[in-house]
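The end of the sequence shown is residue 1177 by the numbering used here, with every number in the run present.
Each residue gets a CB set at the ideal place from its N, CA and C atoms; glycine is no exception.
Structure record follows, encoded as structure tokens.
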Amino acid sequence: MIAVLKNTATKEQVKNLVKWFEDKGLKVNESQGDYCMVLGLIGDTTQLDIDMLRSLDIIESVTRVSEPFKQANRKFHPEDTIVDVGGVKIGGGNFCVIAGPCSVENEEQILSCARAVKEAGATILRGGAFKPRTSPYDFQGLHEEGIRLLLEAKKETGLPICSEIMSPEQIPIFEDVDFLQVGARNMQNFDLLKALGKTGKPVLLKRGLSATIKELLMSAEYIMSEGNPNVILCERGIRTYETYTRNTFDVSAISVLKQITHLPVVGDPSHATGKSSLIKPMSMAAVVSGADALEIEVHTCPEKALSDAAQQLTPAQFTEVMEAIDKARSIL
Ligand code: PEP
Ligand code: MN
């Protein structure tokens, strides 16, 4: 349920009303907008008398929220959420590009990739140290050593780092990692989501291979309900009957998410298409659809990459894509 307060409500009145709701066992989410304050009520609201609430002096309106996602709902929090990732802001008009190789492979590779993406204008470095591969015989990542190399690249370039975490037990290893990625295959790893909810760290939550938009938001809810508001959603393509591309880029999901949630939304054209030749047009499409950031795979030598070779851009191609992204942003 949400209660919109009149802008004449005093601080004292708001405090008393919030306490009254809390005494009834409800969790109250306060969101101060430019013109009014919105109270989001979570819990068993069937006990409340809507007509009585509407008659209160300080209340403008009261509405029941039928969607199962509450804290991620834009009705609860009309303003865009801005998440700070190691000093880089995402959301609320702050745009950024997260770029780097699919996997961290060795020192020379991650350092050269980090320098190249920074030079082209990316402001967050990505790189997988724990890789969720379809085959157990494929490269699984460098694990702790991969995180150590990412931290070295961060030290040299100053770029905050983003890397995929696969289980709650790995949280201590990620202590100095700025942005924890939950991959598509782990979108419904509820124990992981709950554990990340307790860390307070920025989480990049990728949409599952066959997850609906509502399921993605319910996974975000798992993180937020544990007290972590720093969730960023990612559309990375979904499984359809089409086989020409690796997945089908559901660009409309970006626009839908921007309408129904206040959380920032990232577009990942690399995993969505699996083809380096499609990254430029799909990056532009994601930007025009409202994406707050893009995640793009870049490798200094894609043909030698140990994972996702076909979709990674060379630094020269990435520079071209960055120019195209700027052009797309200029028409917004
Ligand atoms: C990745 O970012 O390298 C990755 C494995 O992504 P996804 O979980 O979207 O497949
Ligand atoms: Mn990848």
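Q.
For a test of the three-state rule: what should DSSP assign to Cys881, helix, strand or coil?
A. Coil.
message: Quick check: Leu1177 and Val1166, are their CB atoms within less than 8 Å of each other?
response: no
I want to check one thing, is the minimum distance from the CB of His1107 to the heavy atoms of the ligand PEP below 7 Å? no
Which word fits Ser1121, buried or exposed, when buried means at least 16 other C-beta atoms lie within 10 angstroms of its C-beta? buried
query = Any chance the CB of Asp1113 is under 7 Å from a heavy atom of the ligand PEP?
reply = Yes, the beta carbon of Asp1113 sits closer than 7 Å to at least one heavy atom of the ligand PEP.
Checklist line | Residue span of the alpha helix (DSSP H) that contains Cys947, given as start and end | finding: Element bounds for Cys947: n/a, residue is neither H nor E.
Requested in this report: Answer yes if the region 1007–1016 comes into contact with the region 963–979, meaning at least three C-beta pairs across the two stretches below 8 Å, and no otherwise.
Outcome: Judged by Cβ distances under 8 Å, the region 963–979 makes contact with the region 1007–1016, as three or more pairs qualify.
Taking C-beta to C-beta, are Gly1042 and Ser1070 nearer than 8 Å? yes
query: Where do the ends of the alpha helix (DSSP H) carrying Asp902 lie?
result: The continuous stretches of alpha helix (DSSP H) do not include Asp902, and DSSP gives it neither H nor E.
Could you give the DSSP three-state label for Ile955: helix, strand or coil? In the three-state reduction of the DSSP assignment, Ile955 falls in the helix class, which pools H, G and I.
Query raised in the report: Do you know offhand how far Leu898's Cα is from Glu912's?
Result: 21 Å
Report task. Could you check if Glu953 is buried or exposed, using at least 16 other CB atoms within 10 Å of its CB as the buried criterion? Result -> exposed
Between the CA atoms of Ala961 and Gln1180 - distance to the nearest angstrom:
The first residue shown for the chain is 846 and the last is 1177, placing residue 1180 beyond what the model contains.
- Sort out for me which residues DSSP pairs Thr1106 with in a bridge. Note: Thr1106 sits in a beta bridge opposite Asn918.
* Going by C-alpha distance, which of Asp889, Glu857, Ala854 is nearest Asp868? -> Asp889
request  = Just grab the DSSP bridge partners of Thr1093 for me.
outcome  = Answer by DSSP bridge pairing, in chain order: Ile1083.
* Asked: Is the region 1058–1073 in contact with the region 1027–1046, if contact means three or more CB pairs nearer than 8 Å?
  -> yes
With burial defined as no fewer than 16 other Cβ atoms inside 10 Å of the residue's Cβ, what is the status of Lys1172: buried or exposed? exposed
Q. Which residues, in chain order, sit with a beta-carbon under 5 Å away from any heavy atom of the ligand MN?
A. Cys947, Asp1153
**Reduced DSSP category for Lys934 - H, G, I as helix; E, B as strand; rest coil** = strand
Can you check which of these residues, Pro1109, Gln1162, His1144, is closest to Ile1124 by C-alpha distance? The residue with the shortest Cα to Cα distance from Ile1124 is Gln1162.
Note to self: Does the distance between the C-beta of Gly973 and the nearest non-hydrogen atom of the ligand PEP fall short of 7 Å?
What the structure shows: yes
Of the residues Asp983, Asn1031, Leu1062, the one placed nearest Ala1154, counting alpha carbons only: Asp983
Checklist entry - Once you ignore the five residues that flank Ser1100 on each side, which residues in its own chain have a CB closer than 8 Å to its CB? => result Excluding the 5 residues flanking it on each side, Ser1100 has same chain C-beta neighbours closer than 8 Å at Ser1134, Gly1135, in chain order.
Exercise for the section: Give the DSSP-derived three-state secondary structure of Leu1151 in the structure shown. Expected result: coil
Q. Quick one: Cα of Leu1139 to Cα of Leu1108, how far?
A. 15 Å
Handout entry: Lys860, buried or exposed, once every other Cβ within 10 Å from all chains shown has been counted against 16
Key = Around the beta carbon of Lys860, fewer than 16 other beta carbons sit within 10 angstroms, so the residue counts as exposed.
Checklist line | Own chain partners of Thr1118 with C-beta closer than 8 Å, once the 5 adjacent residues on each side are dropped | finding: Correct list, in chain order: Gly1082, Thr1090, Arg1091, Asn1092, Phe1094, Ile1124, Met1127, Gln1156.
Check: Which whole-angstrom value is the C-beta distance of Val1027 and Ile992, which I expect to be below 8 Å?
Finding: Val1027 to Ile992, Cβ: 16 Å. No contact.
| query | Taking the alpha carbon of Leu893 as the point to measure from, which residue in Ala998, His1144, Leu871 has its own alpha carbon closest? | reply | Each of Ala998, His1144, Leu871 was checked against the Cα of Leu893, and the nearest Cα belongs to Leu871.
Requested in this report: Along the beta strand (DSSP E) that carries Val1027, what are the first and last residues, could you check?
Outcome: First-last of the beta strand (DSSP E) with Val1027: 1024–1027.
For Cys947, which option in Gly937, Gly938, Asn939, Ala959 has the closest C-alpha, if you only look at C-alpha atoms? Ala959
**Message:** Given this structure, state the Cα-to-Cα distance separating Thr908 from Thr855, to the nearest angstrom.
**Reply:** 21 Å
(Q) So, for Gly1112: in the same chain, excluding its five sequence neighbours on each side, which residues have a beta-carbon less than 6 Å away from its beta-carbon? (A) Glu1080, Ile1099, Ala1131, Ala1136, Leu1139
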